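Notes to accompany the following structure.
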Amino acid sequence: MASHKIALISDIHANLEALEQVLREIEKQKVDKIICLGDIVGYGANPRECIELVRTNCSVVLLGNHDEAAFSPEIAQLFVEHAKFSAQWTRNQLDEEHINWMKSLPYTYQEGEFFFSHGAPYSPEDFIYLVSREAAYWSLRYIKSIGVNASFCGHAHITYVFGFKRDGSFVIDAPDTLDFSEYDSVSINVGSVGQPRDGDPRAAFGIIEDRFYRKFRVNYDIESASRKIRLAGLPKILYERLFLGR
Numbered sequence: 040m041a042s043h044k045i046a047l048i049s050d051i052h053a054n055l056e057a058l059e060q061v062l063r064e065i066e067k068q069k070v071d072k073i074i075c076l077g078d079i080v081g082y083g084a085n086p087r088e089c090i091e092l093v094r095t096n097c098s099v100v101l102l103g104n105h106d107e108a109a110f111s112p113e114i115a116q117l118f119v120e121h122a123k124f125s126a127q128w129t130r131n132q133l134d135e136e137h138i139n140w141m142k143s144l145p146y147t148y149q150e151g152e153f154f155f156s157h158g159a160p161y162s163p164e165d166f167i168y169l170v171s172r173e174a175a176y177w178s179l180r181y182i183k184s185i186g187v188n189a190s191f192c193g194h195a196h197i198t199y200v201f202g203f204k205r206d207g208s209f210v211i212d213a214p215d216t217l218d219f220s221e222y223d224s225v226s227i228n229v230g231s232v233g234q235p236r237d238g239d240p241r242a243a244f245g246i247i248e249d250r251f252y253r254k255f256r257v258n259y260d261i262e263s264a265s266r267k268i269r270l271a272g273l274p275k276i277l278y279e280r281l282f283l284g285r
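If you want it as structure tokens, here you go:
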């Protein structure tokens, strides 16, 4: 039987250079589909171009909080100052057609035994960060309650795995390859294409292939992406942090 491969991307944040490089790498992997877990826009300098690439290349696209902020000022008001400034700038770059498309995006998607969301799966509309034991506990409890063994999210910009193994032990890990058969339930954060925050500035994505999940990191032209953010007049933190992966 031929293997089924799904590529997962998230948190592009209008970083065109990172997205283009990730899509080139995904093409080499010959996947069957690409799922985007949200936050196409925000922070970066190319929201329109990234939306168009995602629409062209992704079979499933979920709504992220920065996507929502682009059409909901009430959401943007909850952001820290540099993110709030970026949300307003992003709104000004998009036309009505882009906004209406983002408004149509769902919060979640389920395919077989896999559940997908932008934030933690148990409260997808609240965009909770999957970074703590408490969030992991509720995530794992939720997916078991709906008959799912594995969930995938973004939002936190890290590539961590939280799960209960078959022997009952709870693990927090960041493996390059994960075997689903070793877990009773597992929640995976796929990391960020356009603004990693796990100390590695390379763009991140993942691939599900049968019973395995693999994470990938790829280099891209950070200098170019950073320069465009600076020239757009966006806050300094947004172009400096790309070099640090923080």
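Under the numbering used here, the residues of the sequence shown are numbered 40 to 285, in order.
Built from N, CA and C at the ideal position, the CB exists for glycine as well.
Keep in mind it's a predicted model, so treat the numbers as computed, not measured.
Contiguous beta strand (DSSP E) assignments of at least 3 residues, all confined to the segment 193-226: 200-204, 209-212, 216-218
Rounded separation between K142 and E107 - CA only: 7 Å
Distance CB(G193)-CB(L102) smaller than 7 Å: no
Cβ pair I182, S190 closer than 7 Å: yes
The segment 66-76 in contact with the segment 265-284 per 3-pair CB rule at 8 Å: no
Best match in F219, D206, I227, S178 for proximity to Y199 [C-alpha to C-alpha]: I227
H43 classed as buried or exposed, judged by whether at least 16 other C-beta atoms fall within 10 angstroms: exposed
4 or more residues per run - each alpha helix (DSSP H) lying fully within the segment 102-158: 104-108, 112-115, 120-132, 135-142
Coil, strand or helix - I51 by DSSP: coil
Top-ranked residue by Cα proximity to R130, from S111, Y146, Y148: S111
Beta-carbon contacts of S156 that lie in its chain and below 6 Å, excluding the five residues immediately before and after: T147, P163, C192
Given F154 as reference, the closest of I45, L277, F282, A264 once Cα atoms are compared: I45
Cα-Cα separation between N167 and G158, rounded to whole angstroms: Checking the sequence, you will find Ile at residue 167 rather than Asn. Their Cα atoms are separated by approximately 5 Å.
Own chain residues within Cβ distance below 8 Å of E279, not counting five before or after: S265
Same chain only: Cβ atoms within 8 Å of M40, ignoring 5 sequence neighbours per side: At M40 the pLDDT is 37, less than 50, meaning the model places this residue with poor confidence; the figure from the coordinates comes in the next sentence. Nothing meets the Cβ criterion.
Secondary structure of M40, DSSP reduced to three states: With a pLDDT of only 37 at M40, under the threshold of 50, the placement of this residue in the model should not be trusted; the figure read from the coordinates follows. It is coil, neither helix nor strand.
Buried versus exposed call for K323 [16 or more other C-beta atoms within 10 Å across all chains shown]: Coverage of the chain is limited to positions 40 through 285, which leaves residue 323 absent and any answer about it impossible.
Length of the line joining the Cα atoms of H52 and T95: 17 Å
Meets three-Cβ-pair contact criterion under 8 Å: the segment 117-137 and the segment 82-93: yes
Pair within 7 Å by beta-carbon distance, L179 and A195: no
For E173, the nearest candidate out of V80, G151, G202, S184 (CA to CA): G202
Span separating the alpha-carbon of Y259 from that of G230: 15 Å
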